[in-house]
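>
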Amino acid sequence: MAGWFTARARRRGDLEVDLVDLVEAGLPQTLTDEGDPLPGTVADLAVRLAAADAFVVVTPEYNRSFPAPLKTAIDWYYEEWQAKPVAFVAYGRESGGLHAIDQLRQIFTELHAVPLRDAVSLPRHWNLFAADGTWPKAAADCSTAATAVLDRLSWWALALRDARAARPYVP
Numbered sequence: 001m002a003g004w005f006t007a008r009a010r011r012r013g014d015l016e017v018d019l020v021d022l023v024e025a026g027l028p029q030t031l032t033d034e035g036d037p038l039p040g041t042v043a044d045l046a047v048r049l050a051a052a053d054a055f056v057v058v059t060p061e062y063n064r065s066f067p068a069p070l071k072t073a074i075d076w077y078y079e080e081w082q083a084k085p086v087a088f089v090a091y092g093r094e095s096g097g098l099h100a101i102d103q104l105r106q107i108f109t110e111l112h113a114v115p116l117r118d119a120v121s122l123p124r125h126w127n128l129f130a131a132d133g134t135w136p137k138a139a140a141d142c143s144t145a146a147t148a149v150l151d152r153l154s155w156w157a158l159a160l161r162d163a164r165a166a167r168p169y170v171p
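Each residue of the sequence shown is one higher than the last, beginning at 1 in UniProt numbering.
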């Protein structure tokens with residue numbers, strides 16, 4: 001899923017994509033105590049997140065929620081999310097990941113990010129993609145949703161970047 005959406009984003013001229021794979025990021029699954037130094041992998045990713053003007057979270061849905069490693073990855077950071085738009089691509093069984101998206105919107109709102117209303121939801125995703133992530137079937141609805149999400153993400157990223165430059169965000 002991430003590969004498909006990343007490829008769509010990279011085809012646009014108005015977005016620069018920095019893909020973060022949580023498996024490759026190697027973030028610890030337990031948070032440190034306040035005041036303790038950050039692990040190197042956490043500090044390295046903080047630089048990348050701080051430099052971003054927007055985010056897209058791609059997640060599966062399991063048992064009406066998203067995976068625990070995603071929650072831990074979100075919790076490692078705070079200021080990096082603030083006053084930046086967050087879009088979602090989710091996949092799962094019948095709900096297409098919408099339960100996970102709803103929970104993620106609440107979390108990112110608490111972190112002072114700006115979750116987008118629009119999302120890409122892929123119900124029964126196993127019918128849409130080949131095992132290697134390629135798009136084996138015509139699925140105009142998914143393509144339309146992806147374009148709409150990227151259009152809105154681009155608009156919000158520019159608007160909020162200009163706003164942060166004009167006046168620092170204070171939570």
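The beta carbon of each residue, even a glycine, is placed where N, CA and C say it ideally should be.
Note down, in chain order, each residue of its chain lying with its Cβ closer than 6 Å to the Cβ of Ile101, except the 5 sequence neighbours on either side.
Phe88, Ala90 and Ala119.
> Which residue's Cα is closest to the Cα of Ala51: His125, Leu19 and Pro60?
Residue Leu19 is the option with its Cα nearest to Ala51.
> By alpha-carbon positions, which one of Ala43, Leu150 and Ala145 ends up nearest to Arg12?
Among Ala43, Leu150 and Ala145, the Cα nearest to that of Arg12 is on Leu150.
> Could you pull out every residue in the same chain whose Cβ sits closer than 7 Å to the Cβ of Ser65, ignoring the five residues on either side in sequence?
If we look at Ser65 and ignore the five residues flanking it on each side, its Cβ neighbours are His99, Ala100 and Gln103.
> Measuring alpha carbon to alpha carbon, tell me which residue in Ile74, Pro171 and Ala148 is nearest Ala9.
For the residues Ile74, Pro171 and Ala148, the minimum Cα distance to Ala9 belongs to Ala148.
> How many Å lie between Phe129 and Thr144 at the Cα?
So the alpha carbons of these two residues sit roughly 16 Å apart.
> When DSSP labels each residue in this structure, what does Gly96 get in the three-state scheme?
It is coil, neither helix nor strand.
> Say whether chain C places a C-beta atom closer than 8 Å to the C-beta of Pro28.
The structure shown has no chain C; it contains just one protein chain.
> Bridge partners for Val114 per DSSP, in chain order?
According to DSSP, which records beta bridges pairwise, Val114 is partnered with Pro85.
> When you compare each of Pro171, Leu122 and Asp33 to Cys142 by their alpha carbons, which one comes out closest?
Comparing Cα-Cα distances from Cys142 to each of Pro171, Leu122 and Asp33, the minimum goes to Leu122.
> Leaving out five residues before and five after Phe5 in sequence, what residues of the same chain have Cβ atoms less than 8 Å from its Cβ?
The residues are Val56, Val58, Val89, Val120 and Ala146.
> Spatial neighbours of Thr72 within its chain, please: C-beta separation below 6 Å, excluding the five flanking residues on both sides.
If we look at Thr72 and ignore the five residues flanking it on each side, its Cβ neighbours are Gln29.
> Nearest to Ala83 by CA position, among Leu111, Gly96, Gly92 and Val47, is which residue?
Residue Leu111 is the option with its Cα nearest to Ala83.
> Assuming contact is defined by CB atoms lying nearer than 8 Å, are Glu61 and Gly35 in contact in what I supplied?
No, the pair does not count as a contact, with Cβ atoms beyond the cut-off.
> Out of Ala7, Leu15, Ala2 and Pro67, point me to the one whose CA is closest to Leu158's CA.
Among Ala7, Leu15, Ala2 and Pro67, the Cα nearest to that of Leu158 is on Leu15.
> Return the chain-ordered list of same chain residues with a C-beta closer than 6 Å to the C-beta of His125, the five sequence neighbours on each side being excluded.
If we look at His125 and ignore the five residues flanking it on each side, its Cβ neighbours are Tyr91.
> Per DSSP, what kind of secondary structure is Phe5 in: helix, strand or coil?
Helix.
> Considering Cα atoms alone, identify which of Asp132, Gln106, Thr109 and Val86 is closest to Leu153.
Considering only alpha carbons, the answer is Val86.
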